[in-house]
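Chemist: What follows is a structure written as structure tokens; I'll ask about it next.
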Amino acid sequence: MRTETPVSVQLSDYKPYPFEVEQVDLRFDLDPDATKVRSELKVRRTGGAEEALELDGDGLKLLSIAIDGTPLEPGTYEQTEKGLAIASVPDAFTLVTEVEIAPSQNTALSGLYMSGGRFCSQCESTGFRRITFYPDRPDVMSAFHVWMAADKAAYPILLSNGTPGETGDLDDGRHFAVWDDPHKKPSYLFALCAGDYDVWRDSFTTMNGDEIALAIHVDKGDAERAAWAMDSLKRSMTWDEQTYGRAYDLGVFNIVAVRDFNFGAMENKGLNVFNSAYVLADESTATDADFEAIESIVAHEYFHNWTGNRITCRDWFQLCLKEGLTVFRDQNFSADMRSRPVQRIKDVIRLRARQFAEDAGPLAHSVRPDNYGSIDNLYTATVYEKGAELIGMLRRMIGEELYRKGTDLYFERHDGQAVTIEDFYKCFEDVTGEDFTQFRLWYAQAGTPEVTVEENWKPETRELEITLKQKTPPTPGQPVKKPVPIPLEMALLDEEGNLAEWTTILEDEDITLTMEMPDSITEAPLVSVNRDFTAPIRLNRSLTRDQRLALVRMETDPFNQWDAVQTLVKEEILALSEGSQAEPDDALVAAHAGAIERAVDDPARAALLTRLPEVGEMFLERQPADAVTLNAARKKLQSALAEKLSGFIAGTLGKPTPEPFNPGAEQAGIRALRTAMIVLLGVSPDAASADTLRKLYDNATNMTERLAALRAYTVQKGGKANEALADFESTWKDNPLVMDKWFALQATTGDAETVKTLAAHPAFDLRNPNRVRSVVAAFTMQNLAAFHAPDGSGYQAVEEIILKADKANPALGARLLTAFEQWRILEPQAKAAAEATLKRLQAAGLSSNAADIVARALG
Ligand code: 0A1
Ligand code: ZN
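Printed below as a string of structure tokens:
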């Protein structure tokens, strides 16, 4: 196989499609090996008379083609690998094509494919062209009418977008169903699912009084495990009405859970398709993290109905228009359902871990890029998470009221349209009278701005001068950056609390603020910067350890209080890893432990305070990065913390876990603190801790604690934990989602040999993305010391698996390869081994998606 790097697509090349598709009629004759798709398109010319009709098509077997009932003669149309072109067409006409596809052969999971013996589709972003010939671009919106037929016994439930119409029986044991979607939509939102499911049903009455039938379709026997997803859906529907004034707009809302899926879920109009990992949950099989993820992903897909579906993207460069805004909406939903400060901390952890790393490496790109090689590779932390941060900054700068006015105007002005980031910001310019030209630089410039804070206290005048400077580092293709507007919530603190609070918008390269203190203030107050993480930046401050300790004590902002601990701990791990300090500083460990103990009344926050920055986060701080040394230093500090907290750990775990189980925030917070203590037990020098962990594992009443105990026990006992791992496997071998956790647990705590053993396990399945990710992504993203082992063993362990996965499923292969994005900043041995691996992969032949990642990584 030859590696082909994709040709770059440019935003500046955008041209409107020269035709309108007024109506799409699709007829599916479903068969796993030979599905026939008949498409009837009512087309009207909107561009120049000379324009040819060009349709996308990928891997389709064309059976027939006709315009206005007349079959096209060979030579009057051209069929290529990319689609179909008809040079001469009338101004208004009906085009009918018939094609054949083989869903059972579709391992890429894009287009129409089989999963667990059922038909399932995935069309974002370019899957529809694998189903039929069509202008497969988001700015072509049309009304879809679908007729489908399938074997009735094997596929009793037939679903598509919109509302159900006629159904009936056909010859040969087949049956049919009709679906009509009254809302015009782009092809990427088309969906079709057919199979035998168990269904969890409910209903919802909208604020307009409309009754909506809700249904979640899952594997046989799993219906009750969809109850939490259903509950989350109803709360999302209420929240969108109350917060954004948006009601649902069809009589039915269907969700289908599938085992084989490339992403988390997909917002197809009226028929969301979910990775089953984000639908199914109960206390014995799912962790609190799973319950939380289900809640937020169900909300995310539901919110897309307005931000993505009713108003969509003009082209894929505008992906952040729907994704950044929808992530921002789901984050705020979660904050309202749970705890706002805790949600903020979790969002920032995710942003720093994934997006900051992306921004600092060879795959860096702007939130709204102006070119891309492969669209599948644009579903990134930058587009999603940084995109959400930008909406958050916008809201903070204009205030909640004007933000709501702006979104109201956006929904009113652009309903039914495919638009751009500029269209979105024009709405906010119109309601505020402000100019967002400079703010939009955030969308165009890649890289994380670094803000340096300098403080100068003048005791004689009691003036504090604060200088803020911004600099965005160069990124591939963008050597020089302009200043962006950075809203920074700030405060001055002393032992009594806040002396002052304000917001500064740093618009230029630097700014100096002078604060005059009253007579009573004789010492320099502490400055609290970027409270609540108002801007997605990196802060650069040279504070003494005493000042950092004082910040931990005095911070009044919950986010910054947590972050002060993180910074302190990060510095300590770096010092330990660099050998400038042999053992953890006792005063620091005591301060850390004290902060945790003081937060005990808010257990979710206390749990977050026990967290030590991950190895990957420290890669950004000191380079070249040595994962092995950093990991050892981190563990040393974690052990010292465990020792210091031994009484607190025993006290926390000595209390019974809350019963009966409830997945809500209150109980989840208590379990979060308990599992944080279990993690610490796993690294505790106390000889009895292994026995305690084994008991916690055996006696756990929920998966959150059972899994945490098994993991900590594995960390503590190493190879001697096999018996417990075998016990878990024999209990859960028939539950794929729980077995994914079993694979991931070992991949994140073991080494290269562990990965090889897991890949040879009979239940390892290269065709199932969840299973592949549970071994490969878990190892490469959450076990950096083993993945970046200087002898290259970690790279070797995943190389073959990635190559094979990529052959079957390019989207999966490409995503797994992003783990190599930090290779350039590694210590010399790992760096050389990573480079050699990337070059070998490139030479071995990759899909064009994967080749795009590797070419940019090697860049
Ligand atoms: N729009 C979905 C994400 C998604 C993107 C691509 C997919 O297949 C290639 C699937 C899902 C979301 O934001 O949830
Ligand atoms: Zn989305």
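In UniProt numbering, the protein residues as written are 1 to 859.
Don't be surprised by glycine CBs; every beta carbon is placed ideally from N, CA and C.
Ignoring anything shorter than 4 residues or poking outside the stretch 280–315, list the alpha helix (DSSP H) runs there in chain order.
Modeler: Whole alpha helix (DSSP H) segments, 4+ residues: 288–303.
Chemist: Note down the Cα distance separating Arg2 from Leu838, rounded to an integer number of angstroms.
Modeler: Confidence at Arg2 is low in this model, with a pLDDT of 48, below 50, so the placement of that residue should be treated as unreliable; the coordinate-derived value is given next. Those two C-alpha atoms are separated by around 15 Å.
Chemist: Have a look at Arg310 and His183 and give me their C-alpha separation to the nearest angstrom.
Modeler: Going by the C-alpha atoms only, they are around 8 Å apart.
Chemist: Between the C-alpha atoms of residue 927 and Ala786, what's the straight-line distance to the nearest angstrom?
Modeler: As displayed, the chain neither begins before 1 nor continues past 859, which places residue 927 out of reach and without an answer.
Chemist: Does the contact criterion of 3 or more C-beta pairs under 8 Å hold for the stretch 440–448 versus the stretch 463–479?
Modeler: Touching, yes.
Chemist: Closest by CA to Ile86, which one among Ile101, Ala66, Arg674?
Modeler: When only C-alpha atoms are compared, the closest one is Ala66.
Chemist: With distance defined between alpha-carbon atoms, name the residue in Met148, Leu612, Arg344, Arg44 nearest to Ala388.
Modeler: The option with the nearest alpha carbon to Ala388 is Arg344.
Chemist: Among Ala789, Ala52, Phe274, Gln470, whose alpha-carbon lies nearest the alpha-carbon of Asn540?
Modeler: Nearest C-alpha to Asn540: Gln470.
Chemist: Please give the ranges of any alpha helix (DSSP H) in the stretch 653–735, keeping only runs that are unbroken, at least 4 residues long and fully inside the region.
Modeler: Listed in chain order, the complete alpha helix (DSSP H) runs (minimum 4 residues) inside the stretch 653–735 are 665–682, 689–699, 703–717, 722–732.
Chemist: Alpha carbon to alpha carbon, what distance is there between Ser104 and Met114?
Modeler: If I take the Cα positions, the gap works out to 6 Å.
Chemist: If we ignore side chains and look at the alpha-carbon of each, how far apart do Gly173 and Asp151 end up?
Modeler: Straight-line Cα distance between these residues: approximately 6 Å.
Chemist: In three-state DSSP terms, what is Phe333?
Modeler: Phe333 falls in the helix class under three-state DSSP.
Chemist: Flag Asn305 as yes when its Cβ comes closer than 6 Å to any non-hydrogen atom of the ligand 0A1, and as no otherwise.
Modeler: Incorrect: Asn305 has no Cβ contact closer than 6 Å to the ligand 0A1.
Chemist: Would you check whether the ligand ZN has a heavy atom nearer than 6 Å to the C-beta of Glu323?
Modeler: Correct: Glu323 has its Cβ closer than 6 Å to the ligand ZN.
Chemist: With a cut-off of 8 Å on the beta carbons, I'd call Asp196 and Ile255 a contact; round off their distance for me.
Modeler: Incorrect: roughly 16 Å between the Cβ atoms, too far for contact.
Chemist: Going by DSSP, what residue range makes up the alpha helix (DSSP H) through Ser142?
Modeler: Note, Ser142: premise wrong, no alpha helix (DSSP H); beta strand (DSSP E) at 142–151.
Chemist: Report the three-state DSSP secondary structure of Tyr248 (helix, strand or coil).
Modeler: Residue state, collapsed to three classes: coil.
Chemist: So, helix, strand or coil for Ala418, using DSSP?
Modeler: Ala418: strand per DSSP, three-state reduction.
Chemist: Can you grab the Cα-Cα spacing for the pair Leu321 / Ala857, in whole Å?
Modeler: Taking the straight line joining both Cα atoms gives about 26 Å.
Chemist: For Ile511, name the three-state secondary structure that DSSP assigns.
Modeler: In this structure, Ile511 counts as strand in the three-state DSSP scheme.
Chemist: Could I get the ranges of all uninterrupted alpha helix (DSSP H) runs contained in the stretch 582–627, with 4 residues as the minimum, in chain order?
Modeler: Correct list: 586–598, 603–610, 615–619.
Chemist: To the nearest angstrom, how far is the alpha carbon of Ser8 from that of Thr76?
Modeler: The straight-line gap from Cα to Cα measures roughly 30 Å.
Chemist: Let me know if Gly127 comes out buried or exposed under the rule of 16 or more other beta-carbons within 10 Å of its beta-carbon.
Modeler: So Gly127 ends up on the buried side.
Chemist: Under the three-state reduction of DSSP, which class applies to Cys123: helix, strand or coil?
Modeler: In this structure, Cys123 counts as coil in the three-state DSSP scheme.
Chemist: Can you give me the C-alpha to C-alpha distance between Arg314 and Gly308, rounded to a whole angstrom?
Modeler: Distance between the alpha carbons of Arg314 and Gly308: 11 Å.
Chemist: Which residue comes first and which comes last in the alpha helix (DSSP H) that contains Gln355?
Modeler: It is not in any alpha helix (DSSP H) - Gln355 carries neither H nor E in the DSSP assignment.
Chemist: On a CA-only basis, which of Val89, Ala855, Ser848 is nearest Glu835? Give me that one, please.
Modeler: When each option's Cα is compared against that of Glu835, the closest is Ala855.
Chemist: Is any heavy atom of the ligand 0A1 found at a distance shorter than 6 Å from the C-beta of Gln122?
Modeler: Yes, Cβ of Gln122 sits closer than 6 Å to a heavy atom of the ligand 0A1.
Chemist: Taking only heavy atoms of the ligand ZN into account, decide whether any of them is closer than 6 Å to the Cβ of Thr326.
Modeler: Thr326: yes, Cβ under 6 Å from the ligand ZN.
Chemist: When you measure from the CB of Tyr379 to every non-hydrogen atom of the ligand 0A1, does any distance come out below 6 Å?
Modeler: Yes, the ligand 0A1 has a heavy atom inside 6 Å of this Cβ.
Chemist: Which one of Asn770, Ile297, Ala52 has the shortest CA to CA distance from Trp228?
Modeler: Comparing Cα-Cα distances from Trp228 to each of Asn770, Ile297, Ala52, the minimum goes to Ile297.
Chemist: For Ser64, which residues from the same chain have a beta carbon less than 6 Å from its beta carbon, with the 5 sequence-adjacent residues on both sides left out?
Modeler: Here the set comprises Glu98.
Chemist: Measure the Cβ-Cβ separation of Arg383 and Leu325 and say whether it is below 7 Å.
Modeler: The residue you asked about is not Arg; residue 383 is Val in the sequence shown. Contact flag unset, no.
Chemist: Would you tell me roughly how many angstroms separate the C-alpha atoms of Ser12 and Ser160, rounded to the nearest one?
Modeler: Rounded to whole angstroms, Ser12 to Ser160 spans 35 Å at the Cα level.
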